[in-house]
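Q: Counting in our numbering, the sequence shown runs from 39 upward without gaps.
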Amino acid sequence: MSHSVPFVRQVCYFLVAILATSLLVACTPAGEGGRSPAIDTALTVYAAASLTDAFGEMAERYEADHPNVTLTFNFAGSNQLAAQIGAGAPVDVFASANPEQMEAAVAAGRIDAGAPVVFVTNRLVVIYPADNPGNLTSLQDLRNPHVLLVLAAEEVPVGRYSLAFLVAASADPSFGESFQPDVLANVVSYEENVRAVLNKVSLGEADAGIVYTSDLATAPGVGRLDIPDALNSIAHYPIAVLNDSPHQAAARSFMDFVLSDDGQQILAGYGFGAGIPQ
């Protein structure tokens, strides 16, 4: 069976068109720099309230370098975050203000044992409003009658550290055994996280509070009373990627940024101490 010349010509045109299209696809770059286009990724990061400002700046820097990644944060008390993680909340990265809450997430099976890394440290400081309504000049003044003191709840890491300071001070002869009960008698409220303590003192709703030194970076108007090393607590902040995160590579990338020199420089700028070298 034979075909007319026009038909053969049409077939040739068709084959040439297919070949040209194939060559065009093969020669087109897959993406910038010859890489495949990155898939948009939304990471959910649970972080202690004391990390709010530092992680906010980190997010701006990280997202600028990784335009296909969007970071969403849940800042709260580490105990609340650990409870939500234990209940199955979808989380990619967890940064806690103490190892105990991280261990709770490990015990819940959401984080592999040995995965958490201590990325920063912190310490306590007593703060008071700029006008110092309680006339505080020393730590001993926290026991004075009518001083309005706010602390974080004991379930929150900073609340636990605050109570440890009072216990240690009461064992010091320069403070005396009655220091802890005297100070606790002045507590007017226990807050759900360190930011709530900072806000109440900054607004003049309390005469004093105990927060982290990192909190002073964004509250230049408050006064401070330093706690001696012998009575202070060093808070260790661990960070880890959740083992069931659907975005393992991106989550690890953000964690690596936190641990990097650039990330550590940002954290230091907010008053955090260095983490534990790995």
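Backbone N, C-alpha and C define an ideal beta-carbon position, used for all residues, glycine too.
Using a 10 Å radius around the Cβ and a threshold of 16 neighbouring Cβ atoms, would you call S60 buried or exposed?
A: Any reading at S60 must be qualified, since the residue scores a pLDDT of 42, below 50, and its modelled position is unreliable; the value itself is stated next. It counts as exposed.
Q: Kindly list the residues whose CB is nearer than 6 angstroms to the CB of D220, restricted to its own chain and excluding five residues on each side of it in sequence; keep chain order.
A: Within the same chain, D220 has close Cβ partners R181.
Q: What three-state label does DSSP hand I338 in the structure shown?
A: Missing from the structure shown is residue 338; the chain here goes from 39 to 316 and no further.
Q: Residues in the same chain with beta-carbon distance under 6 angstroms from T90, minus the five sequence neighbours each way, listed in chain order, please.
A: Counting only Cβ-Cβ distances below 6 angstroms, and skipping sequence neighbours, we find F113.
Q: Identify which residue in G147, D78, A85 has its Cα closest to the Cα of V296.
A: Of the candidates G147, D78, A85, the one whose C-alpha sits nearest the C-alpha of V296 is A85.
Q: Among T159, S134, P137, V163, whose alpha-carbon lies nearest the alpha-carbon of L204?
A: Ranking the options by Cα distance to L204, first place goes to V163.
Q: Does any residue of chain B have a CB that is nearer than 9 angstroms to the CB of A234?
A: The chain labelled as chain B is not found in the depicted structure, where only one protein chain is given.
Q: If you measure between the beta carbons of A133 and V83, is that distance less than 9 angstroms?
A: Yes; because the gap between Cβ atoms is below 9 angstroms, this pair is in contact.
Q: Name the two residues that bound the continuous beta strand (DSSP E) containing I272.
A: 272-279 is the extent of the beta strand (DSSP E) around I272.
Q: Give the secondary structure of G186 by DSSP, where H, G and I count as helix, E and B as strand, and everything else as coil.
A: It is worth fixing the name first, because residue 186 is Leu in this sequence and not Gly. Coil at L186, not helix or strand.
Q: Under 8 angstroms: does the beta carbon of P137 sit that close to some heavy atom of the ligand MG?
A: Absence of the ligand MG is noted for the structure shown, with no ligands found whatsoever.
Q: Do R262 and I165 have their C-beta atoms within less than 9 angstroms of each other?
A: Yes, Cβ-Cβ distance for R262 and I165 is below 9 angstroms.
Q: Considering just the uninterrupted stretch of the alpha helix (DSSP H) at T90, what are its terminal residues?
A: T90 -> alpha helix (DSSP H) spans 90-103.
Q: Count the other CB atoms, across all protein chains shown, that sit within 10 Å of the CB of L251; report buried if there are 16 or more and exposed otherwise.
A: One point to set straight first is that residue 251 is Thr, not Leu, in the sequence displayed. T251 should be labelled buried.
Q: Which term fits L241, buried or exposed, when burial requires 16 or more other beta carbons within 10 angstroms of its beta carbon?
A: Classification for L241: exposed.
Q: Just tell me which of S216, A223, E230 has its CA closest to the CA of A191.
A: Among S216, A223, E230, the Cα nearest to that of A191 belongs to E230.
Q: Which residue's Cα is closest to the Cα of R233: Y275, A255, I123, P183?
A: Minimum Cα distance to R233 is reached at A255.
Q: For a minimum of 3 consecutive residues, which ranges assigned as the beta strand (DSSP E) are wholly contained in the region 120-201?
A: Listed in chain order, they are 131-133, 155-166, 187-190.
Q: Rank D300, D294, Y308 by C-alpha distance to the C-alpha of P154 and give the top, closest one.
A: Comparing Cα positions, the closest option is D294.
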